[in-house]
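Presented below is the structure to which this report refers.
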Amino acid sequence: MGAGTQGSPSRLRDLRLLRQVRDRIDRDYAQPLDVPSLARQVHMSAGHLSRQFKEAYGESPYSYLMTRRIERAMTLLRRGDLSVTDICFEVGFSSLGTFSTRFSELVGMSPSRYRQDAVRLSIPPCVTKRVSRPIRNREAPLPPQL
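Take a look at the structure:
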């Protein structure tokens, strides 16, 4: 995107619409959501929504949705009062296999292993939330600044 188009009225309108989509994902992450229906909500094509969303937020709407679901699953796993299967459905997955695969891709371990480690380490929730956000695309964390 060129520097001259960053503040244009159409760009600001698109950003407002993208925020609506992001807010909908944040609010309704456990519901069946797909990019075409999210795009219809804001009167965009699915392709345009995906491109604009990725440009604005650094990941596709689908990836953002998966990250939200996995973050919520991590919280529920740390809490410990639901089974992995119950958590799978609670956060919007319809298949335990898909849930386990996505969880392992983003977190680096299975949901059951994550729960075991969380119980064993017993890290305070405020710290856990800060350091346990799933890393997308297996990116390494940035090294500390010296």
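Numbering (numbering that gives the first Met the number 0), first residue to last: 0 to 145. Beta carbons are placed, not taken as given, at the ideal position from N, Cα and C, and that holds for glycine. All values derive from a computational prediction rather than experimental measurement.
{"query": "Complete runs of the alpha helix (DSSP H) confined to the region 28-80 [at least 4 residues]", "result": "34-40, 45-56 and 60-78"}
{"query": "Whole-Å CB distance - Gly91 paired with Arg114, under 8 Å assumed", "result": "Actually they do not touch by this definition, with Cβ atoms about 19 Å apart."}
{"query": "Pairwise C-alpha distance: Val34 and Ser159", "result": "There is simply no residue 159 to check, as the chain begins at 0 and stops at 145 in what is shown."}
{"query": "Nearest neighbour of Met43, chosen from Asp13, Leu32, Pro31 and Asp22 [CA to CA]", "result": "Asp13"}
{"query": "Distance, Ser111 Cα to Glu138 Cα", "result": "No answer about Glu138 holds up, because its pLDDT of 48 lies below 50 and its placement is not dependable."}
{"query": "Pro110 at chain D interface by Cβ criterion, 8 Å", "result": "You won't find chain D in this structure, because it holds only one protein chain."}
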